[in-house]
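Protein sequences, first through last, are from chains A and B. Just so we're aligned, residue 17 is where the first sequence starts under this note's numbering, counting upward by one. Just so we're aligned, residue 17 is where the second sequence starts under this note's numbering, counting upward by one. Scroll down for the structure; my scribbles are underneath it.
2 protein chains.
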Amino acid sequence: MSRNSVSLKDISKACGVSIATVSKALNDHSDIGQETKENIKRVAQELGYHPNAAAQALKTRRTNNIGVLFVDEANSGLTHDYFSHVLDSFKRCAERNGFDITFINADKTRPDNMTYLAHAMYRGFDGVVIACVDFFDPQVDELINGNIPVVTIDHIFYNRIAIISDNAGGMRDLVSYVYSMGHRKIAYIHGLESSVTQARLASFYRSMQDFGLTVPDEYVLASPYRDSEGAYRATLKLLSLPEPPTCILYPDDVSAFGGINALSERGLRIPEDISIAGYDGTEMASRVIPMLTTVVQDTEGIGRAAAERLIDMINNPKAALIEQVIIEGRLEPGGTVGRPA
Amino acid sequence: MSRNSVSLKDISKACGVSIATVSKALNDHSDIGQETKENIKRVAQELGYHPNAAAQALKTRRTNNIGVLFVDEANSGLTHDYFSHVLDSFKRCAERNGFDITFINADKTRPDNMTYLAHAMYRGFDGVVIACVDFFDPQVDELINGNIPVVTIDHIFYNRIAIISDNAGGMRDLVSYVYSMGHRKIAYIHGLESSVTQARLASFYRSMQDFGLTVPDEYVLASPYRDSEGAYRATLKLLSLPEPPTCILYPDDVSAFGGINALSERGLRIPEDISIAGYDGTEMASRVIPMLTTVVQDTEGIGRAAAERLIDMINNPKAALIEQVIIEGRLEPGGTVGRPA
DNA sequence: TTATCGTACTAAAACGTTTGAGAAAAGATT
DNA sequence: AATCTTTTCTCAAACGTTTTAGTACGATAA
Chain A
17 MSRNSVSLKD ISKACGVSIA TVSKALNDHS DIGQETKENI KRVAQELGYH PNAAAQALKT
77 RRTNNIGVLF VDEANSGLTH DYFSHVLDSF KRCAERNGFD ITFINADKTR PDNMTYLAHA
137 MYRGFDGVVI ACVDFFDPQV DELINGNIPV VTIDHIFYNR IAIISDNAGG MRDLVSYVYS
197 MGHRKIAYIH GLESSVTQAR LASFYRSMQD FGLTVPDEYV LASPYRDSEG AYRATLKLLS
257 LPEPPTCILY PDDVSAFGGI NALSERGLRI PEDISIAGYD GTEMASRVIP MLTTVVQDTE
317 GIGRAAAERL IDMINNPKAA LIEQVIIEGR LEPGGTVGRP A
Chain B
17 MSRNSVSLKD ISKACGVSIA TVSKALNDHS DIGQETKENI KRVAQELGYH PNAAAQALKT
77 RRTNNIGVLF VDEANSGLTH DYFSHVLDSF KRCAERNGFD ITFINADKTR PDNMTYLAHA
137 MYRGFDGVVI ACVDFFDPQV DELINGNIPV VTIDHIFYNR IAIISDNAGG MRDLVSYVYS
197 MGHRKIAYIH GLESSVTQAR LASFYRSMQD FGLTVPDEYV LASPYRDSEG AYRATLKLLS
257 LPEPPTCILY PDDVSAFGGI NALSERGLRI PEDISIAGYD GTEMASRVIP MLTTVVQDTE
317 GIGRAAAERL IDMINNPKAA LIEQVIIEGR LEPGGTVGRP A
């Protein structure tokens, strides 16, 4: 009862040794006799002892706990398909290394209204991973510049380690593939201002240029990420052009579905009449027929890389090299890109 | 530097009062003068003081931290669409009440290999929410029977509070709707053994019976949850029956997509030639045309209810009433159910 | 014999907080 | 003037752990 709690003291009493001896025995210090160690460990087991994380943290200044900060524009939180996969991978890797993960509160209405950094310090996180947030939020800046080890995902801060997916490479592969299928009139609907967007957009222009193609301004439209409505409208706009594209690239798979809806409403068949491609490689992309052509992000790799670097930083604070790790994606041809009529 | 840490002691020095006074002032105890309080709070602010969660937890035996346990058969973890929505809602509600959430380690290979309960006690969680796990895992049993407040989602344990979605009601509504569209030959592919499955299956039979329909055994097939391949195969089996159904109900939306693939492969149009419906109301269901007919689970309500009950239990340990909260879903007609030919 | 060493242990302080019991000073009541 | 209250503050213990310095003691070396 009363939140049963066996402490070192209880074991020390049961074994007739001091508390210090028990602590050392359980932590396998060298200055405790073999026999004593074994006895203590046995008794600890029998009594159902578990260390107290709070006491350990207080004493050692280490929590074995990593903070996760994630807020996206749409406030979709955990339900964000891309992020939830990254986080899942991050979590697995962290757990394998004995770390737990706790969310850094994203609700600004929290009773004590602490900033992200304050919250992280309050919990004593050994490290923090930041993803998909509004990187212009001053609170994020404060956190980045605090003295807790940090890795960021998909956004580069100059004084921190960043894990970023290879947006330029993915876009290059995509354009290259579409080109090889015979398309020359390629439109690109891109997400709103972010470093990810910029990287892809630049790569789009560059790749097109490498193939000797010029991109009419009307072929490049903006629409929010993961907003099928916006993509729907943008698609209609493209279709109403005097010379509509034969292929439309979308900023993400959800948007691509918005596009599909617009196209099928206009009676256009995919890929016979028009070709499309998404980006991200979400589950839904692979569940439809024809399978959506897309660039599958290596979410497993991103999450793992982030966890590995962060844990590395935590364990070797001096070796805090600034680094950008680029994780490649993989083009998934699917069936939504055909040869233009 | 060195993980900057302003403590009560620093404030007490700066203000020329005792540590106790500082603590009481910051916690608004009544035995501290107004003026002193204000001064202390101001100085705390200036010095950038933040409480230390570990020390507080050690002293008060309260962590303001809730543990989340979630492992599903497919080990899809956080990427599980239904659960990630429930968790997101849970998280928001918990945060509004000043709680953080931390995952209970699901990786059995963790270095210290603690059981779920051991882990929860180690972290000192004030409460625990359990969802979608293998409820026959003895470790889950141990956790349920431990003395930490627990709520379970979608599974009833007799001595604990459970939040469950209204599977019987949802299935009834679905059958009723399909019936009203004129269908009489209705097949049901259901998930593998679980209380959710059983509740829906029973409700399916009962609803059919209420409409005076008998269900041929061949119309009821099993296929794992969220397995589009399995649903694909089951669908083909149904189509090869001498008298195939005019409508197929799937255990979840992902499975429904597997079914769609099988049907379109056979050249059947939806809903002209055959009708289908999913369950869950995932994002992908609403992104396709025609929109998938499905029962949208109130994930927001489920998550919130779970958080509210759990926090209630935490704050009033005596009022630990055993309760089952049923959260209703909502039939989303979509466009995949038409009138049978 | 005495100094030196190694092994196995303990004492006690410390981490940062909370809290009940008390103390000092000022005000109110007899 | 003496006593009781009230207000405001401090003392000190406690939460469970880790760790440094030190002790006791038998063995080895001089």
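Glycine included, every Cβ here is placed at the ideal spot set by N, Cα and C. Keep in mind it's a predicted model, so treat the numbers as computed, not measured.
- Our two residues, M329(A) and S210(A), have alpha carbons roughly 27 Å apart in a direct line.
- 7 Å or more divides the Cβ of Y295(A) from the Cβ of T315(A).
- Taking all protein chains shown into account, P333(A) has fewer than 16 neighbouring C-beta atoms within 10 Å of its C-beta and is therefore exposed.
- Going by C-alpha positions, G246(A) is about 11 Å away from Y266(A).
- For the stretch 254-281 of chain A, the beta-carbon criterion of a distance under 7 Å to any beta-carbon of chain B is satisfied by V270, F273, N277, S280.
- Contact of V304(A) with chain B by beta-carbon distance below 9 Å involves F273, I276, N277, M300, V304.
- Of the candidates L257(B), D289(B), F227(B), L257(B) places its Cα closest to the Cα of Y235(B).
- With its beta carbon at least 7 Å from every one in chain B, G317(A) lies outside the interface.
- Rounded to whole angstroms, the Cβ separation of V144(B) and I120(B) is 7 Å, and the two are in contact under 8 Å.
- Membership of C263(B) in any alpha helix (DSSP H) is not indicated; the residue belongs instead to the beta strand (DSSP E) covering 263-265.
- Residues are counted here when their Cβ sits less than 7 Å from a Cβ of chain A; for the stretch 139-153 of chain B these are R139, G140, given in chain order.
- Contact check for C148(B) and V194(B): beta-carbon distance about 27 Å, past the 8 Å limit, so the pair fails to qualify.
- A Cβ of chain A is located within less than 7 Å of the beta carbon of L94(B).
- The contact set of P67(A) on chain B, defined by CB atoms closer than 8 Å, consists of Y138 in chain order.
- Its chain contains G114, F115, D116, D142 as the residues whose beta carbon lies nearer than 7 Å to that of N80(B), once the 5 sequence neighbours on both sides are disregarded; these appear in chain order.
- Contacts between E245(B) and chain A, judged by CB atoms closer than 7 Å, are missing: the closest CB pair is about 10 Å apart.
- L284(B) has its alpha-carbon roughly 15 Å from the corresponding atom of E259(B).
- Under a criterion of Cβ atoms nearer than 7 Å, no residue of chain A is adjacent to F86(B); the nearest Cβ is some 11 Å distant.
- In the DSSP annotation of this structure, the continuous segment of the beta strand (DSSP E) that includes A238(B) starts and ends at 236-238.
- In the structure shown, the three-state DSSP call for I82(B) is strand.
- Of all C-beta pairs linking the stretch 150-168 of chain A to the stretch 318-329 of chain A, three or more are shorter than 8 Å, placing the two stretches in contact.
- Around the beta carbon of R176(A), a 10 Å sphere encloses 16 or more other beta carbons of the protein chains shown; the residue is thus reported as buried.
- According to the DSSP secondary-structure assignment, L347(A) is paired through a beta bridge with V311(A).
- At a beta-carbon threshold of 9 Å, the residues of chain B lying near I117(A) are T118, F119, ordered along the chain.
- Taking a cut-off of 8 Å on C-beta distances, the stretch 248-257 of chain B touches the stretch 271-291 of chain B, as three or more cross pairs fall below it.
- Against chain B, a Cβ distance below 7 Å from D104(A) picks out G93, L94, T95.
- The Cβ atoms of P306(A) and G198(A) lie no closer than 7 Å to each other.
- When Cβ-Cβ separations below 7 Å define contact, A73(A) makes contact with chain B.
- Look at S291(A) here: in three-state DSSP terms it is strand.
- By the CB criterion at 7 Å, F220(A) and Y204(A) fall inside the cutoff.
- By alpha-carbon distance to G185(A), the top candidate from L133(A), N129(A), Q313(A), Y98(A) is Q313(A).
- In terms of beta-carbon proximity, H199(A) stays away from the interface with chain B, with every pair separated by 7 Å or more.
- Scanning its chain for C-beta atoms nearer than 6 Å, with the 5 sequence neighbours on each side dropped, one finds around V59(A) the residues I27, A30, C31, in chain order.
- For T168(B), the beta-bridge partners assigned by DSSP are I146(B), A178(B).
- Taking each of T118(B), I172(B), L24(B) in turn and checking the Cα distance to I342(B), the smallest one comes out for I172(B).
- In the DSSP assignment, H101(A) falls within the unbroken alpha helix (DSSP H) covering 97-112.
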